[in-house]
């Protein structure tokens, strides 16, 4: 009955927290940790602890995990939603290959970007390889990307094919020249000139003279 009397007092009702609340505020947690209850004597704790009770940090009353959840809930974010920076290379590649929404820009370091490229190559998916290569071209120094591709022939061939199909002859010849494949670069230039000049013999000759 003593417990019933305690919970029925007006003072307790005013201070009692609602069990319908989604999240307890840090102040409510502190109040719970510092509240005295019937049967608790003044000598229950040592004088030293009593003196420092009001100075205890919130982390000493709740576990770090619970505290993180409280802060996350108060921020209005979904606790189940992982920040983009937490996405692993494997998760990103899986979403890319399955056609689900993904972002590559959460991978900012050279190490992470290189792992993306190597992961796509290991899987052998051409679209994934090309997507990652184009991402590297956009976010890294082009010379550095070319050096990475030199060590990865499969990715290099996919990128060369892409440049051919898209008619990006300048990029293609620059790449091949840097790789020491100048004769091959000249062939692509010649093919492009013939294709673009059509029946214009004079135009073709002028372009060929410039090439030579």
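In the working numbering, the protein residues as written are 237 to 448.
Cβ coordinates follow ideal geometry from the N, Cα and C atoms, glycine included.
- For residue 350, the secondary structure class from DSSP, reduced to helix, strand or coil, is helix.
- According to the DSSP assignment, residue 342 belongs to no alpha helix (DSSP H), since it is labelled neither H nor E.
- The residue among 375, 395, 360, 391 with its C-alpha nearest the C-alpha of residue 345 is 375.
- Inter-residue distance for residue 378 and residue 334 is about 28 Å (C-alpha atoms, whole angstroms).
- Linking residue 372 to residue 431 through their CA atoms gives a straight-line distance of about 30 Å.
- Under a 10 Å Cβ-count criterion, residue 341 is classified as exposed, with fewer than 16 other Cβ atoms of the shown protein chains found around its own Cβ.
- The three-state reading of DSSP puts residue 393 in helix, counting H, G and I together.
- Counting along the chain, residue 363 sits inside the alpha helix (DSSP H) bounded by residues 362 to 375.
- Taking C-beta separations shorter than 8 Å and ignoring five residues to either side along the sequence, the partners of residue 418 in its chain run 412, following chain order.
- Excluding the 5 residues flanking it on each side, residue 414 has same chain C-beta neighbours closer than 7 Å at 382, in chain order.
- A straight-line Cα-Cα distance of about 8 Å links residue 365 and residue 394.
- Residue 324 sits in coil when the DSSP states are folded into three classes, being neither helix nor strand.
- In the three-state reduction of the DSSP assignment, residue 331 falls in the helix class, which pools H, G and I.
- Between the alpha carbons of residue 354 and residue 398 lies a distance of about 19 Å.
- Taking the C-beta atoms as reference points, residue 350 is found no nearer than 8 Å to residue 338.
- Within the same chain, Cβ atoms closer than 8 Å to the Cβ of residue 428 are found at 403, 405, the five residues on either side in sequence being excluded.
- Beta-carbon to beta-carbon, residue 352 and residue 343 are separated by about 6 Å, close enough to satisfy the 8 Å threshold.
- Annotated three-state conformation of residue 387 is coil, per DSSP.
- DSSP, reduced to helix, strand and coil, places residue 378 within a helical segment of the structure shown.
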